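In the numbering used here, the protein residues as written are 1 to 320.
By construction, the Cβ of each residue, glycine as well, lies at the ideal position given by its N, Cα and C atoms.
Remember, predicted model here, so these are calculated numbers, not experimental data.
Inspection log for the structure reproduced underneath, given as structure tokens.
Quick look at the structure:
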């Protein structure tokens with residue numbers, strides 16, 4: 001009876017806050033409660049368990065994620081080794097909030113399964129209201145939903161720390177979640193876990209980006225790791241052929257600008273650099289000499305010119 005009264009008080013608070021436009025404007029949680037109540041038509045006191053997709057639908061969701069699941073597995077394992085003993089499970093969902101991968105301790109499985117934190121469960125904001133996974137996807141940014149910040153009263157025993165994951169085209173494809181089942185976890189402890197979740201999400205995003213451009217040179221932009229995975233993929237001609245979502249936002253890149261690649265120095269310096277054939281030739285000759293440990297004859301063979309010709313070019317370029 002005590003739990004029921006507590007749940008009803010929570011539901012009343014959610015309704016009161018959601019109907020206040022000023023609260024929604026000031027608070028991400030209040031804005032999410034408002035969406036859950038007024039846009040999605042959910043009831044905070046609902047006791048219905050989280051929706052589950054069929055086995056076939058789950059298999060299809062996993063297939064749509066392509067190679068990301070395999071790429072993400074080592075990072076998921078490391079994250080779970082960090083938080084598993086603390087009464088947390090690790091979840092990876094698709095962009096619709098369907099749990100496609102889960103890691104948890106056997107001793108906590110019964111609790112998490114009862115809460116619906118299980119493979120195949122749907123944790124979108126449209127089905128579960130304010131929650132770590134769904135609100136992270138809706139807001140497209142890292143979020144922490146601590147206990148009674150959840151929309152549904154039945155979810156207020158858990159804390160959820162989430163970060164979005166974007167593919168090599170900057171599209172949201174997944175959410176990484178760590179959920180806690182321990183009442184003893186303070187907001188400070190939860191914040192530490194949230195940091196680990198963010199770092200793991202950036203690692204998965206970076207690894208996925210590298211896998212999408214196997215023959216390219218990957219360049220880290222200033223701010224990488226703080227503003228997300230800020231990476232560029234650069235081809236052998238020093239043209240940018242790919243960029244993560246964070247890099248696109250920071251450098252003002254669009255899909256159209258990547259369809260017509262620009263030189264990496266122009267993008268990184270924010271302006272068109274002066275074309276200089278002599279500098280380009282000097283750089284190529286220096287690279288050849290470096291590869292041959294200063295052997296001019298071998299460098300000439302590598303460059304496809306005669307030894308005497310290379311000496312003349314070196315003299316003209318100011319190379320000894």
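Across the structure, residue 213 and residue 234 are spaced so that their CA atoms are roughly 9 Å apart. Residue 137 and residue 302 have their alpha carbons spaced roughly 52 Å apart. Judged by DSSP secondary structure, residue 302 falls within the alpha helix (DSSP H) whose first and last residues are 296 to 303. Counting of Cβ neighbours within 10 angstroms places residue 259 among the exposed residues, the total staying below 16. Less than 7 Å separates the beta-carbon of residue 264 from that of residue 238.
In this structure, residue 176 keeps its C-beta atom at 7 Å or more from the C-beta atom of residue 157. Exclusion of the five residues before and after residue 78 leaves 200 as the residues of its chain whose Cβ lies within less than 8 Å of its Cβ. Boundaries of the alpha helix (DSSP H) harbouring residue 136: 132 to 139, taken from the DSSP string.
Take residue 126, set aside five residues on each side of it, and the residues of its chain with a beta-carbon closer than 7 Å to its own are 40, in chain order. Non-local C-beta neighbours of residue 291 in its own chain, meaning closer than 8 Å and more than five positions away in sequence, comprise 299, 302, ordered along the chain.
Secondary structure in the region 175 to 241: the alpha helix (DSSP H) runs of 4 residues or longer, each lying completely within the stretch, are 187 to 212 in chain order. Setting aside the 5 residues that flank it on each side, residue 117 is surrounded in the same chain by 89, 91, 179, each with a C-beta closer than 7 Å to its C-beta; the list follows chain order.
Beta-bridge partners of residue 159 (DSSP): 146, 180. Per DSSP, reduced to three states, the secondary structure at residue 44 is coil, with no helix or strand assignment.
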